[in-house]
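Student: In this note's numbering, the protein residues as written are 1 to 284.
I am attaching a structure below and will ask some questions about it afterwards.
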């Protein structure tokens with residue numbers, strides 16, 4: 001399973017990379033870094049709407065946050081249009097609700113620009129600041145309104161960022177014995193101490209599940225008919241995407257009841273099986 005250092009970096013546009021350069025970037029502006037990480041006032045900067053919109057289209061994490069939280073793109077909440085009425089046709093002009101082409105801002109900026117959108121030349125002021133007491137990073141507009149998410153930051157002792165971020169990650173190697181020990185402890189606290197959580201009482205199982213081998217034996221899994229049985233299982237939230245090579249078909253059904261082709265399955269699925277095995281869950 002993955003370790004923290006193997007996770008890909010956030011996607012950033014060229015302008016945001018200037019604010020958050022890599023640790024070995026010789027062109028990094030130290031004054032910007034000092035203002036973000038050690039100055040109580042944070043780092044203030046100016047962007048045009050065109051720059052912010054372009055960054056969002058490039059999937060820049062920070063530009064996307066700003067766009068999604070900017071009231072100027074919400075027709076019924078835009079400061080200049082709060083007294084105007086709106087209808088479904090108007091809404092369709094600028095908004096697509098997580099359609100196949102991606103998040104709604106992709107549709108917003110891909111087609112003809114809505115007539116009521118603010119000018120692309122408009123300059124916007126922002127401030128980005130690291131709150132050392134809470135260990136999180138935040139972006140604010142010129143009125144000190146939080147834009148989008150706050151980013152809780154952790155690092156490891158050997159990471160160059162540890163000079164600025166002193167909160168160490170609790171779990172840096174996700175497949176380690178220590179990690180699963182913590183997970184089992186947290187699950188136990190949830191089951192024993194949270195009255196509103198489902199608990200660990202056996203429940204009626206779905207008609208079919210995957211049974212994983214117990215920890216201490218070789219990794220394996222098989223399809224299992226569970227109609228009428230009771231027990232516990234965990235659910236994997238997973239996007240299958242297109243057609244799958246190892247999907248269950250009538251031709252493969254009997255073979256899968258004996259054993260799944262474990263080593264041929266995608267790494268994501270095998271990781272899920274390993275998590276289930278490691279926390280003591282039989283079915284997934």
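Heads up, the beta-carbon is just placed ideally off N, CA and C, and yes, glycines get one too.
Using only alpha-carbon positions, find the residue among 228, 54, 51 and 151 that is nearest to residue 134.
Tutor: The residue you call residue 134 lines up with position 134 of the chain shown. Minimum Cα distance to residue 134 is reached at 151.
Student: Measuring only the C-alpha atoms, how far is residue 269 from residue 155?
Tutor: Position 269 of the chain shown, counting from 1, holds the residue named residue 269. Position 155 of the chain shown, counting from 1, holds the residue named residue 155. Whole-angstrom Cα-Cα distance: 27 angstroms.
Student: Which of helix, strand or coil does DSSP assign to residue 140?
Tutor: The sequence position of residue 140 within the chain shown is 140, counting from 1. Strand at residue 140.
Student: On a CA-only basis, which of 139, 138 and 74 is nearest residue 115? Give me that one, please.
Tutor: Residue mapping note: residue 115 aligns to position 115 of the chain shown, counting from 1. Looking at the Cα atoms, 74 is the closest of the given residues.
Student: If I follow the unbroken alpha helix (DSSP H) through residue 56, where does it start and stop?
Tutor: As a position in the chain shown, residue 56 is number 56, starting the count at 1. Where residue 56 is concerned, the enclosing alpha helix (DSSP H) stretches over 49-57.
Student: Give every residue of the same chain whose Cβ lies closer than 6 angstroms to the Cβ of residue 69, excluding the five residues on either side of it in the sequence, and list them in chain order.
Tutor: Taking the chain shown and counting its residues from 1, the one referred to as residue 69 is at position 69. So the qualifying residues of the chain are 147 and 148.
Student: Are residue 205 and residue 226 close, meaning C-beta to C-beta below 8 angstroms?
Tutor: On the chain shown, position 205 is the one that residue 205 refers to. On the chain shown, position 226 is the one that residue 226 refers to. Their beta carbons are under 8 angstroms apart, which means residue 205 touches residue 226 by this criterion.
Student: Hey, quick one: how far does the alpha helix (DSSP H) through residue 269 stretch, first residue to last?
Tutor: Working through the chain shown from its first residue, we reach residue 269 at position 269. Counting along the chain, the alpha helix (DSSP H) containing residue 269 begins and ends at 267-278.
Student: Residue 258 lies in the alpha helix (DSSP H); which residues open and close that run?
Tutor: Taking the chain shown and counting its residues from 1, the one referred to as residue 258 is at position 258. First-last of the alpha helix (DSSP H) with residue 258: 250-258.
Student: Apart from the five residues on each side of it in sequence, which residues of its chain come closer than 8 angstroms, Cβ to Cβ, to residue 215?
Tutor: Taking the first residue of the chain shown as position 1, residue 215 is located at position 215. Counting only Cβ-Cβ distances below 8 angstroms, and skipping sequence neighbours, we find 277, 278 and 280.
Student: Express the C-alpha separation of residue 178 and residue 217 in angstroms, rounding to a whole number.
Tutor: Counting from one through the chain shown, the residue named residue 217 turns up at place 217. Counting from one through the chain shown, the residue named residue 178 turns up at place 178. Cα to Cα, the separation comes out at about 19 angstroms.
Student: Looking only at DSSP bridge pairs, what is residue 223 linked to?
Tutor: Residue 223 sits at position 223 when you count from the first residue of the chain shown. Residue 223 is bridged to 210.
Student: Hey, how far is the Cα of residue 92 from the Cα of residue 13?
Tutor: If you number the chain shown from 1, residue 92 lands on position 92. If you number the chain shown from 1, residue 13 lands on position 13. Residue placement at residue 92 is poorly supported in this model, since its pLDDT is 41, which falls under 50; the coordinates still yield a value, given next. Each residue's alpha carbon lies about 28 angstroms from the other.
Student: Quick one: Cα of residue 15 to Cα of residue 63, how far?
Tutor: As a first step, residue 15 must be located in the chain shown, where it is residue number 15. As a first step, residue 63 must be located in the chain shown, where it is residue number 63. Going from the Cα of residue 15 to the Cα of residue 63 covers about 10 angstroms.
Student: Can we say the region 247-254 touches the region 226-237, given the rule of at least three CB pairs closer than 8 angstroms?
Tutor: Segments in contact, no.
Student: Considering residue 66, what are the terminal residues of the alpha helix (DSSP H) in which it resides?
Tutor: Working through the chain shown from its first residue, we reach residue 66 at position 66. 61-68 is the extent of the alpha helix (DSSP H) around residue 66.
Student: According to DSSP, is residue 106 part of a helix, a strand, or is it coil?
Tutor: Along the chain shown, read from residue 1 onward, the residue named residue 106 stands at position 106. Reduced to three states, the DSSP call for residue 106 is helix.
Student: Sorted by chain position, which residues of the same chain lie with C-beta nearer than 8 angstroms to residue 88's C-beta, five sequence neighbours on each side aside?
Tutor: Working through the chain shown from its first residue, we reach residue 88 at position 88. No answer about residue 88 holds up, because its pLDDT of 42 lies below 50 and its placement is not dependable.
Student: Could you give the distance in angstroms between the alpha-carbon of residue 144 and the alpha-carbon of residue 111?
Tutor: In the chain shown, the residue the question calls residue 144 occupies position 144. In the chain shown, the residue the question calls residue 111 occupies position 111. So the two alpha carbons sit approximately 32 angstroms from each other.
Student: Return the bridge partner residues of residue 217 from the DSSP annotation.
Tutor: Indexing the chain shown from 1 puts residue 217 at position 217. Bridge partners of residue 217: 215.
Student: Beta-carbon within less than 6 angstroms of residue 199's beta-carbon, same chain only, minus the 5 sequence neighbours each way: which residues are those?
Tutor: What you label residue 199 is simply residue 199 of the chain shown in a count that begins at 1. Excluding residues within five positions, the ones whose Cβ falls inside 6 angstroms are 191.
Student: Between residue 313 and residue 283, is the Cβ-Cβ spacing less than 8 angstroms?
Tutor: Not covered by the structure: residue 313. The range shown for the chain is 1 to 284.
Student: Measuring alpha carbon to alpha carbon, tell me which of 56, 113 and 209 ends up nearest residue 224.
Tutor: Position 224 of the chain shown, counted from the first residue, corresponds to residue 224. Of 56, 113 and 209, the residue nearest in Cα terms is 209.
Student: In or out: residue 10 buried (at least 16 other Cβ within 10 Å) or exposed?
Tutor: Numbered from 1 along the chain shown, position 10 holds the residue referred to as residue 10. Looking at its Cβ environment, which holds fewer than 16 other Cβ atoms inside 10 Å, residue 10 is exposed.
Student: In the DSSP assignment, find the alpha helix (DSSP H) that holds residue 187 and state where it starts and stops.
Tutor: To locate residue 187, count along the chain shown from 1; it is residue 187. That run of the alpha helix (DSSP H) goes 177-193.
Student: Within a Cβ cutoff of 6 angstroms, which residues of the same chain sit near residue 56, ignoring the five residues on either side of it in sequence?
Tutor: Within the chain shown, the letter at position 56 stands for residue 56. Answer for residue 56: 63, 64, 67 and 105, listed in chain order.
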